[in-house]
Amino acid sequence: MKRFYAFLLALVITLAFPLGAAAQETIEVTEDIQVSADYDWTRFSGKGITLNVYNWGEYISNGSDDSVDIVAAFERLTGIQVNYTTFDSNESMYAKLKSGAASYDVIIPSDYMVAKMIDEEMLLPLDYSNIPNFERISEEYRNPDYDPENAYSVPYMLCTTGIIYNTTMVDQAPTCWADLWDEQYKGNILMFNNSRDAYAIAAFKLNRSINPASTQEVDEGVEELKLQKPLVQAYVMDEIFDKMIGGEAAIGVYYSGDAITMIDDNPDLAWVSPEEGSVLSVDCMCIPATSQQQEAAEMFINFMCEVDVGIANAEYIGYTTPMNDVWELLDEELKYSEIAYPSEEIAAKEQVFTALSEEVNNELDLKWSEMKSYNEGGSGYLFLLLLLAMLALACFNIWRKIRRRTRNKY
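This is the structure:
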């Protein structure tokens, strides 16, 4: 299907321009991937360079299911080796970089995390002379609040959050985030295992902003999550794939692109954009400040913005492309998917994350951790009472031994 649209586009261009007009030259990397010929892709060939790329799980076309292996194609074209590893949340990625436990050259954080990392000087400013394909990014996704002038980031994919459910396990389709507090789903709910996305769901339920402005707002949102906790089967990230596809839970929350993948694997699954609204996230390609291979990293980012590469990635992972040239050539089913490309009515209710103040962010981290360790029914207090009882018993035993020694003296 993609090749059919490519043929039509080529035909239109041929008819639209005078004879003799030069078409853009390309280099064929694989049967499915052609890239711009006016870019020096081989300038690092033979130099033994390795790029460490850190991305979300299931977030690139990797050669499985007859897809294109994008990393292998880049290595073949450039002679650069890629060490590709994955993370499952912005928070775990941030913690790893902050600790210095590993060094990366390209990372894919979400918008609010980009803002946080810029503020903490954890990213390198980009040299766009090495990323001419940035011009393919649609105007509406340039110069965002989280990175004015795109000084540090290039949009990779977009997604929204929503509810995925098993039609054979749910009598009536959920319509709103508040349904995730419904007792009928007790033990069958999968929730986000990260604080920002989980808090956002509670905020939507409370008709609040997903970006708390005070510690009080944080506390109120987390209290709502605490009320929900007895109904939750598990807090998950990538584990949701196996659980929902395998029918281990009736209802879950996740990202739109991954929902498409899960529905493809299990047609009993369906997706809902909740009536309260949803989170629109932009995942971006960035270069950590610790990278020693900035120019090669910028080449990788430029490669990811090639049209054929963008098509391969969008069609494999199901996420929303920020490049209109890519969207025009997508498979029809994905191109007009209500999940990946929702209606204007749904889009009007979307909210975006912004960076939180340090005080509010610390409060959210703290309250989230407390909520995760909280047990319903006062069992947290019961644990404390048991601990005090054990301490009292230990003190009593010590007192008895001292008393016995005292008696033995006489």
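Mature numbering (1 follows the signal peptide of the UniProt record, and there is no 0) puts the sequence shown at residues -21 to -1, 1 to 389.
Virtual Cβ for every residue (Gly too), placed ideally from N, Cα, C.
Source: prediction; values computed, not measured.
(message) For residue 270 and residue 103, I'd like the C-alpha separation in whole angstroms.
(response) Locating residue 270 in the sequence shown gives position 291, counting from the first residue. Locating residue 103 in the sequence shown gives position 124, counting from the first residue. Roughly 8 Å between the two C-alpha positions.
(message) Rounding to the nearest angstrom, what Cα-Cα distance links residue 273 and residue 210 in this structure?
(response) Working through the sequence shown from its first residue, we reach residue 273 at position 294. Working through the sequence shown from its first residue, we reach residue 210 at position 231. Between residue 273 and residue 210, the C-alpha separation is close to 47 Å.
(message) Rounding to the nearest angstrom, what Cα-Cα distance links residue 178 and residue 254 in this structure?
(response) As a first step, residue 178 is located in the sequence shown; it is residue number 199 there, counting from the start. As a first step, residue 254 is located in the sequence shown; it is residue number 275 there, counting from the start. If I take the Cα positions, the gap works out to 17 Å.
(request) Evaluate contact between the stretch 212 to 220 and the stretch 91 to 105, counting only Cβ atoms and requiring at least three cross-stretch pairs below 8 Å. (result) Touching, no.
(message) Tell me which residues share the same chain as residue 268 and place their Cβ nearer than 8 Å to its Cβ, disregarding the 5 neighbours each side in the sequence.
(response) Within the sequence shown, residue 268 is the residue found at index 289, counting from 1. Result list for residue 268: 100, 101, 102, 103, in chain order.
(request) Pull up the distance between the alpha-carbon of residue 239 and that of residue 180, whole angstroms please. (result) In the sequence shown, residue 239 corresponds to position 260, counting from 1. In the sequence shown, residue 180 corresponds to position 201, counting from 1. About 20 Å.
(request) Report all residues from its chain with a CB closer than 6 Å to the CB of residue 245; omit the five preceding and five following residues, and keep chain order. (result) Taking the first residue of the sequence shown as position 1, residue 245 is located at position 266. Taken in chain order, the residues that qualify are 224.
(request) Could you check the C-alpha separation between residue 183 and residue 159 for me, to the nearest Å? (result) In the sequence shown, residue 183 corresponds to position 204, counting from 1. In the sequence shown, residue 159 corresponds to position 180, counting from 1. Whole-angstrom Cα-Cα distance: 12 Å.
(request) Specify the secondary structure class of residue 146 as computed by DSSP and reduced to three states. (result) Numbered from 1 along the sequence shown, position 167 holds the residue referred to as residue 146. Residue 146: coil per DSSP, three-state reduction.
(message) Considering only the alpha carbon of each residue, which of 85, 286, 124, 54 lies closest to residue 265?
(response) Translated into the one-based positions of the sequence shown, residue 265 becomes position 286. That would be 85, whose Cα lies nearest to the Cα of residue 265.
(request) Helix, strand or coil for residue 158, going by three-state DSSP, please let me know. (result) Numbered from 1 along the sequence shown, position 179 holds the residue referred to as residue 158. Residue 158: helix per DSSP, three-state reduction.
(request) Report the option in 311, 30, 17, 13 whose CA atom is closest to the CA atom of residue 47. (result) Locating residue 47 in the sequence shown gives position 68, counting from the first residue. When only C-alpha atoms are compared, the closest one is 13.
(request) Classify residue 445 as buried or exposed, calling it buried when 16 or more other Cβ atoms lie within 10 Å of its own Cβ. (result) Because the chain spans -21 through 389 in this model, residue 445 falls outside it and cannot be assessed.
(message) I'd like the ranges of any alpha helix (DSSP H) spanning at least 4 consecutive residues and lying wholly in the stretch 173 to 235.
(response) You should have 174 to 184, 194 to 207, 219 to 224.
(request) In angstroms with no decimal places, state the Cα-to-Cα distance between residue 205 and residue 199. (result) For this step, residue 205 is matched to residue 226 along the sequence shown. For this step, residue 199 is matched to residue 220 along the sequence shown. Computed Cα separation, rounded: 10 Å.
(request) Answer yes if the stretch 70 to 78 comes into contact with the stretch 111 to 130, meaning at least three C-beta pairs across the two stretches below 8 Å, and no otherwise. (result) With a cut-off of 8 Å on Cβ pairs, the stretch 111 to 130 is not in contact with the stretch 70 to 78, counting fewer than three such pairs.
(request) Would you tell me roughly how many angstroms separate the C-alpha atoms of residue 187 and residue 221, rounded to the nearest one? (result) Here the question's residue 187 lines up with position 208 in the sequence shown. Here the question's residue 221 lines up with position 242 in the sequence shown. Those two C-alpha atoms are separated by around 32 Å.
(request) Taking only runs that begin and end inside the stretch 19 to 56, name each unbroken beta strand (DSSP E) of 3 or more residues, in chain order. (result) 29 to 35
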